[in-house]
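Residue numbers (the working numbering), protein chains in the order written: chain U, 11 to 786; chain C, 826 to 994. To start, the structure itself, in structure tokens.
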Amino acid sequence: MSRSDDTLLLANVSRRGLLKGLVGGSALLLAARWDLALANEQAQFGAGAMPGGWVDNPNVFIQIDSDGLITIISNRAEMGQGIRTSLAMVAADELGANWDRVRAQQAEGDQDKYGNQNTDGSRSMRHWYEPMRRAAAAARLMLEQAAANQWDVPVHEVRAEIHKVVHPATGRELGFGELAEAARALDVPGRNDLVLKSDNELRFIGKESGLINGELKSAHPKAIDGEDIVTGKAIFGADIDLENTLYAVIARPPVYGAKVKSVDDSEALKVAGVKKVIRIKGASQPAAFNPLGGVAVVAFNTWAAMEGRRALKIEWDNTPAGDNADYTSDAYRESLEKAAQSPGKVIRQSGDVETALQNAEKRVSATYYMPHMAQATMEPPVAVVMIKNGKAEAWAPVQHPRAAREGIAGMLEMELDNVTLHQTLLGGGFGRKSKPDFVMEAALVAKEFEGQPIKLQWSREDDIHHAYFHAVSVDHLEAGLDAEGKATSWRHRTLSPSIASLFMPDPKHKGEFELGMGFNTMPFNIPAIRLENPPAPAHVRIGWFRSVYNLPHAWAIQSFAHEMAVAAGKDHRDYVLDLLGPARKIHNLTVGDGWNYGEDPDLHPIDIGRMRRVIERATAEAGWGRKTGKGRGLGLAFHNSFVSYTAIVFDVEVDDKGKLTIHRADIAFDCGPQANPERIRSQMEGSCVMGIGIALQSEVTFKDGVAQQDNFDSYLVPRMPDAPKVVRVHLIDNPNDAMGGVGEPGLPPVAPALCNAIYAATGKRIRRLPVGNQLS
Amino acid sequence: MITLTINGQEHELDVPDSMPLLWAIRDVVGMKGTKFGCGIAQCGACTVHLNGVAIRSCVTPVAAAKGEITTIEAMADDPVGHKVQQAWLDMGVAQCGYCQGGQIMNATALLKRTPAPQTQEIVDAMAGNLCRCGTYNRILAAIERAAGTQAVDPGDMDTRDMDKEEASS
């Protein structure tokens, strides 16, 4: 498989790929690049464009034992999206396996063998559905050929059934297990010789099962890790149990870029169980994925390490941190709000916005704020690393095993082949665990203890203080309406620190992959549009948080569209359908988006018809327009991201004291063809709950460069009472478009839909997240 | 030396009295089903039973863990625990699964105390157990399934208690 390095972008970049991109010119990462994309017609998209590309060799992914037990190798990280189940299901369906005889095994981190393993960007199923089906179809053909050889009959006379191959003419049959050894010895058939099963032959793919909108319609095929999870046997990062393990925690500089000035470890060393205290070298800024440095306490158990750390007396030197040590959230927000009043770098323009605004019958203007957030996976970052004889072996819950291996190899000056990585289950990922800093930290400590495994554990406080934070954002919008309330102009200025600041001198502007997350791809059909990006500096590590910059863009655009509808005196749904205009397909390049999540715009254009359909479905299911009574209202928002389409309607009530009750959420979702609808529903339900937290509770603030929240008592995330009383997921039956992402696209419209519902219920407009106590 | 009785088995541990039970179970005894999530009794991932009561092992010193300690590893052999686990599987509750051991321990303690809880009782009882994947609606449905208290429309919290009241009247 060849692929173009030009298509490597920051959002899916390996460190090596990134370095190439930077050497090639940082403008690549920053400027609208669609002219370049046009020039390079050979650029590949999708799975083929990812580092390592795709692999469809059945011998890599499908293992059949002589007793018929089938093992599907999962090359993607399991972090709750159910990919180990869903990928295995795809393969088992195409192969014709008995699901009770199928298990999954996690691939080692080996991109050269398994293809791309960076579980990020909602790509796993959309990039691996076809290769897995081909791998399984090839395996099935090999089993048929093995049976035909044994029976000495032409292969067209035999056929695979469930877990066996039969010869109908003679009634003979052989189990997959009996054929496995002979089949393995055969050549893998060419791709052109494969015949995939037709839809009516499939048993699992695209089939609804399990809990559907509150009703258990039918049993679902068992989840691969289900039994292990409910019995406590599932192995997450910290559950790796090796002999002679030492346990480590690190005290990291509270301010990004600060260093240890001095450390007094005398009290720490007195703590029972503490073995050693060592200083850890930190990276200079920009830190990329490298450790932040600090002081490690190594002990015979986690508790002793934590107690030892508590007893350290460390003086930090903030000088190398520069103005990061002055970073204070309120002042920063004010500075961005001020910057939003002036024009910024023009990202997209059509028509004359300034004139149209001046001539407007009515002008609408608003500024929206979304704070920093931490991913706060339930499993805090943790890794086990052992270094012996010049080789490193790591066990870790990482989304991106290649990045972890390259990180260790680069830092310890080892050959990549001398670094192995065993991927455990992830207790949540949400983007945090695509950064291997915690694995590299474990390697730094392990280097001091040759031959002894080091378990490096992050506390919850570590996790919230040292996240790769979701970018804080200010979005300022202004629109002009004519006498009928119709929009004549739209100006949007977006300001956020860029993730690129992790890897290079702070560009202060969003890169193409950040703008492409719902900013320049804004779908409204308005005569005059001007999109600008004024500068915003980074003062902390900015990183990927589930659905990333789609969050602030959807929050601002979907809130503002509602404000325009209110100003126009129109029904919100009717108004946005009018703003979208008729069903049509917008090629991404025509709006300056050369990124499109790495996908081919011919296959995945911005499809206004699909957008309209999710809006129509969600509103119909929610009973849009019904009378709700005092203090109760419906709110709508929609967004396309990760080449899928989502609309949500919330039904909420706010009482006199400002107490919010979320009665119901109706989510319409179109990801094109559905591999495992049961897990698509669970992703939508989970996104809805996480999005409610983004709307109502979650915020990390900084004072003098130091995160002010510590743990779940101050960094608030949703609990059961915060969940909607009813969540309804309406999957759009759309087998004809190309497959889209699932893990992230449910999240962006949640906060604006909820705040629009709060407005409908109360008349109170929320422009600053989280809502917190703004309702009381 | 401290003696802990975990799932019916005694363990002699040479640990300080102040060590939280969580770390004694995980790092010293070596049982990994009980999880670390916050260390301050805010998330419930570390929930175990002490004499049948759900407690947060991350803030319970081993010296205070006197009596029968039960962990997720023993739930398959517990009649109520097993029913809860099966309901979890039937309803496809788990996403990443990290918090679910603690959720199941808390739900099992609830059902032992209150075999047929009202919906609001479940919501209140489970409020201390975080799930970042957001599986709360399915957790609730699974607890009601295990309790046999499902309403006509098990997805609809608004009507559930109403249905139950009607059913019992």
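Even for Gly, the Cβ is constructed at its ideal location relative to N, Cα and C. If you're wondering where the values come from, they're calculated on a predicted model, not measured in any experiment.
### Collapsed DSSP secondary structure at U/Asn783 in the structure displayed
coil
### Task
Return the first residue and the last residue of the alpha helix (DSSP H) that C/Ile929 is part of.
925–938
### Members of the region 237–269 of chain U near chain C, C-beta cut-off 9 Å
Glu237, Asp238, Ile239, Val240, Thr241, Gly242, Lys243, Ala244, Ile245, Phe246, Ala248, Asp249, Ile250, Asp251, Thr255, Tyr257
#### Entry: Nearest residue (CA-CA) to U/Asp732, options U/Leu466, U/Arg778, U/Arg691, U/Arg674
U/Arg674
### Message
DSSP three-state label for U/Ala733, please.
### Response
coil
### Message
9 Å is my cut-off, CB to CB: does C/Met826 come that close to chain U?
### Response
no
### Message
Per the DSSP calculation, U/Trp500 is bridged to which residue(s)?
### Response
Bridge partners of U/Trp500: U/Ala489, U/Ile539.
### Task
Could you tell me the distance, in whole angstroms, from the CA atom of U/Gly292 to the CA atom of U/Trp326?
13 Å
### chain U contacts made by the region 830–843 of chain C, where a contact means CB separation under 9 Å
Val840, Pro841, Ser843
### Message
Using 9 Å as the threshold, is the C-beta distance between U/Leu252 and U/Lys285 below it?
### Response
no
### Counterpart residues of U/Phe660 in DSSP-defined beta bridges
U/Gly645, U/Ala675
### Task
Indicate, with yes or no, if the ligand GTP has a heavy atom lying under 8 Å from the CB of U/Met424.
For the structure depicted, the ligand GTP is absent and the ligand set is empty, with no information on it obtainable.
### Task
Ignore the nearest five residues each way along the sequence and tell me which others in U/Gln693's own chain have a CB closer than 7 Å to its CB.
If the five residues before and after U/Gln693 are omitted, its C-beta is found closer than 7 Å to the C-beta atoms of Gln91, Val752, Gly753, Gly756, all from its own chain and listed in chain order.
### Message
Given this structure, state the Cα-to-Cα distance separating U/Ala366 from U/Ser375, to the nearest angstrom.
### Response
14 Å
### Query
In angstroms, rounded to a whole number, what distance separates the CA positions of U/Pro611 and U/Thr600?
10 Å
### Message
Distance cutoff 9 Å, beta carbons only. Does U/Thr656 sit that close to anything in chain C?
### Response
no
### Task
With DSSP collapsed to three states, give me the class of U/Lys774.
coil
### Query
Mind checking if C/Pro845 is an interface residue toward chain U, Cβ cutoff 9 Å exclusive?
Closer than 9 Å to some Cβ of chain U, the Cβ of C/Pro845 qualifies, so yes.
### Task
Would you mind reading off the limits of the alpha helix (DSSP H) that contains U/Arg343?
339–349
### Message
On the criterion of 16 or more Cβ atoms from any shown chain inside 10 Å, does U/Met450 qualify as buried, or is it exposed?
### Response
buried
#### Entry: Against chain U: residues of the region 904–929 of chain C by CB proximity under 7 Å
Gln910, Trp913, Leu914, Asp915, Met916, Gly917, Ala919, Gln920, Cys921, Gly922, Tyr923, Cys924, Gln925, Gly926, Ile929
### Query
U/Tyr607 lies in the beta strand (DSSP E); which residues open and close that run?
Counting along the chain, U/Tyr607 falls outside any beta strand (DSSP E), and DSSP gives it neither H nor E.
### Query
Would a check of beta-carbon distances place C/Ile897 closer than 9 Å to chain U?
yes
### Query
What's the C-alpha gap between U/Ile464 and U/Val550?
28 Å
### Message
Based on DSSP bridge pairs, tell me the residues matched to U/Glu404.
### Response
It should be pointed out that residue 404 of chain U corresponds to Ala in this sequence rather than to Glu. In the DSSP output, where bridge partners are listed per residue, U/Ala404 has U/Val395, U/Leu431.
### Message
Would you call the region 188–204 of chain U in contact with the region 72–80 of chain U, where contact means no fewer than 3 C-beta pairs closer than 8 Å?
### Response
Contact holds: three or more Cβ-Cβ distances are below 8 Å.
### Query
Name the residues in the region 860–873 of chain C whose C-beta lies less than 8 Å from a C-beta of chain U; which are they?
Of all residues in the region 860–873 of chain C, Lys860, Phe861, Gly862, Cys863, Gly864, Ile865, Gln867, Cys868, Ala870 have a Cβ within less than 8 Å of some Cβ in chain U.
### Query
Sorted by chain position, which residues of the same chain lie with C-beta nearer than 6 Å to C/Ala899's C-beta, five sequence neighbours on each side aside?
Asn832
### Message
Using only the alpha-carbon positions, how far apart do U/Ala575 and U/Thr629 sit?
### Response
16 Å
### Query
Pairing CB atoms from the region 695–714 of chain U with CB atoms from the region 733–749 of chain U, are three or more of them under 8 Å?
yes
### Message
If distances are taken between C-alpha atoms only, which option among U/Thr671, U/Ala149, U/Trp500, U/Asn223 comes closest to U/Gln368?
### Response
U/Trp500
### Task
Note down, in chain order, all residues in the region 948–968 of chain C with a beta-carbon under 8 Å from any beta-carbon belonging to chain U.
Val948, Asp949, Met951, Ala952, Gly953, Asn954, Leu955, Cys956, Arg957, Cys958, Gly959, Thr960, Tyr961, Asn962, Arg963, Ile964, Leu965, Ala966
### Query
With distances taken from CA atoms, which of U/Asp603, U/Glu626, U/Ile625 is nearest U/Ile616?
Out of U/Asp603, U/Glu626, U/Ile625, U/Asp603 has the C-alpha closest to the C-alpha of U/Ile616.
### Counted within 10 angstroms of its Cβ, other Cβ atoms place U/Lys774 as buried (16 or more) or exposed
exposed
### Query
At a Cβ threshold of 9 Å, is U/Trp44 touching chain C?
A caution first: U/Trp44 carries a pLDDT of 34, below 50, which makes its placement in the model unreliable, though a value can still be read off. No, U/Trp44 lies away from the interface with chain C (no Cβ there is under 9 Å from its Cβ).
### Query
So, helix, strand or coil for U/Phe712, using DSSP?
strand
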